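Novice:
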Amino acid sequence: MTAGPTARQVSTTHQRSNDTNDIHARTAELFAQMQAAEGDEAARVRDALVELHLPLAEYLARRFGNRGEPHEDLVQVATIGLIKAIDRFDTDRGVAFSTFATPTIMGEVKRHFRDRGWTIRVPRRLQEMQAIINQAVADVGQQLGRSPTVAEIAKHAGLSEEEILEGLESANAYSPLSLDAPDPGGEVGAVIEQLGDYDDALDAVVDRETVKPLLDALDPRAKRILLLRFFRNMTQSQIAEELGISQMHVSRLLSRTLADLRRNLEDQRPTP
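Per the working numbering, residue -17 is the first one in the sequence shown, and the count goes up by one each step.
Given below as structure tokens:
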């Protein structure tokens, strides 16, 4: 035999019913006051309506609490939806305000995730496609009892396989992997250790390839002086002794050669 509800359960249920009736009555009263009021008085009544229904906004915000957004931010977004619902509510429709406000609040939170929750901005078309794909994956997975293939998702969603792949790829923009996170493949300590770094030698490659034909065009003695000075790090006195000429002559030849190289480099640069 199934046991019936206890007296405490009956009392709790009755109290909740009374509280709900009180909120409905207070809501109707405040909307009537707001319609009759103007200016600051209307704003005060509107604030009272917001405060009365903040628990509803907080409850709906908690339903999205597992998506990585701070709870306080979600409550703020839900509150914006609540305010919009208050401004749009028509008491003549004969529906409870909470019934009208719930989809409005949830729509505002979902819009927040759609427009601001993506770390990398992707086109609206892909954001909306991602929602369709997520729903299709859930539906087909429940029917089959396993993860669906791309072809099965495409058939259920009425999209091409290329569109499904594009949508799945765009999902990486929503919650990208932290650079400090462990390497998924386990080969290195963190993802950041796999990233390439800037090679300072790349600039030298461009400079070297630019000056190479100019060096080849130098006379043998000027070329030898540059080799001894900049590649063997010899002083002008040592070069003079090596070539059997004066240090002053080495200095003049070196200065003239460098000046010619600079001038030829300037001539090769494209004019803006």
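Here a beta-carbon is modelled for each residue, glycine too, at the ideal position from N, C-alpha and C.
Quick caveat, the model's predicted, so the values are computed rather than measured.
Suppose you measure from the CA of T(-6) to the CA of A10; what does that come to, to the nearest Å?
Specialist: Low confidence applies here, because T(-6) scores a pLDDT of 45, under 50, leaving its location unreliable; read the following figure in that light. Going from the Cα of T(-6) to the Cα of A10 covers about 24 Å.
Novice: How is the alpha helix (DSSP H) around D29 delimited, first residue to last?
Specialist: Element bounds for D29: 21 to 34.
Novice: Hey, would you say V232 sits closer than 8 Å to A241, going by beta carbons?
Specialist: Not in contact: V232 and A241 (Cβ atoms no closer than 8 Å).
Novice: Under DSSP, the alpha helix (DSSP H) around G63 begins and ends at which residues?
Specialist: 53 to 70 is the span of the alpha helix (DSSP H), which, as asked, contains G63.
Novice: Is Q112 buried or exposed, if buried means 16 or more other CB atoms sit within 10 Å of its CB?
Specialist: Classification for Q112: buried.
Novice: Determine the direct distance from the alpha carbon of D69 to that of Q124, and round the result to whole angstroms.
Specialist: C-alpha separation (whole angstroms): 40 Å.
Novice: Is V107 helix, strand or coil by DSSP?
Specialist: Looking at the sequence provided, one finds Arg at residue 107 rather than Val. Note: R107 maps to helix in three-state DSSP.
Novice: Let me check understanding here. Comparing Cα to Cα, which of F212, A120, H53, N116 lies closest to L311?
Specialist: An answer regarding residue 311 cannot be provided, because it is not within the stretch -17 to 254 covered by the chain.
Novice: What three-state label does DSSP hand D74 in the structure shown?
Specialist: In this structure, D74 counts as helix in the three-state DSSP scheme.
Novice: Let me confirm a value: E90 is counted as buried when at least 16 other C-beta atoms fall within 10 Å, else exposed. Which label applies?
Specialist: Under this definition E90 is a buried residue.
Novice: Rounded to whole angstroms, what is the Cα-Cα separation between G21 and D121?
Specialist: If you take the alpha carbons of G21 and D121, they lie about 50 Å apart.
Novice: From G127, H53, L141, pick the residue whose C-alpha is nearest to that of A133; which is it?
Specialist: Closest by alpha carbon: L141.
Novice: Residue range of the alpha helix (DSSP H) that P202 falls in?
Specialist: Taken as a continuous stretch (DSSP letters only), the alpha helix (DSSP H) holding P202 covers 202 to 208.
Novice: Would H35 pass as a contact of A43 if the rule is Cβ separation under 8 Å?
Specialist: Against a cut-off of 8 Å, the Cβ pair of A43 and H35 comes out as no contact.
Novice: Report the three-state DSSP secondary structure of M216 (helix, strand or coil).
Specialist: Coil, per DSSP.
Novice: Please name the residue in I146, S80, R128 whose C-alpha comes closest to that of A136.
Specialist: Closest by alpha carbon: I146.
Novice: With respect to the alpha helix (DSSP H) encompassing I135, which residues constitute its N-terminal and C-terminal limits?
Specialist: That run of the alpha helix (DSSP H) goes 132 to 139.
Novice: Does the beta-carbon of P262 have 16 or more other beta-carbons within 10 angstroms, so that it is buried, or is it exposed?
Specialist: It is not possible to answer for residue 262, since the shown part of the chain is limited to -17 through 254.
Novice: Using a 10 Å radius around the Cβ and a threshold of 16 neighbouring Cβ atoms, would you call A60 buried or exposed?
Specialist: Result: buried.
Novice: Measure the Cβ-Cβ separation of L208 and E224 and say whether it is below 8 Å.
Specialist: No, these two residues do not count as a Cβ contact at 8 Å.
Novice: How many angstroms separate the CA atom of L64 from the CA atom of E33?
Specialist: For L64 and E33, the distance between alpha carbons rounds to 10 Å.
Novice: Taking the straight line between their C-alpha atoms, what separation do you get for V187 and L197?
Specialist: V187 and L197: Cα-Cα distance of roughly 15 Å.
Novice: A78 and L38: beta carbons closer than 8 Å?
Specialist: No.
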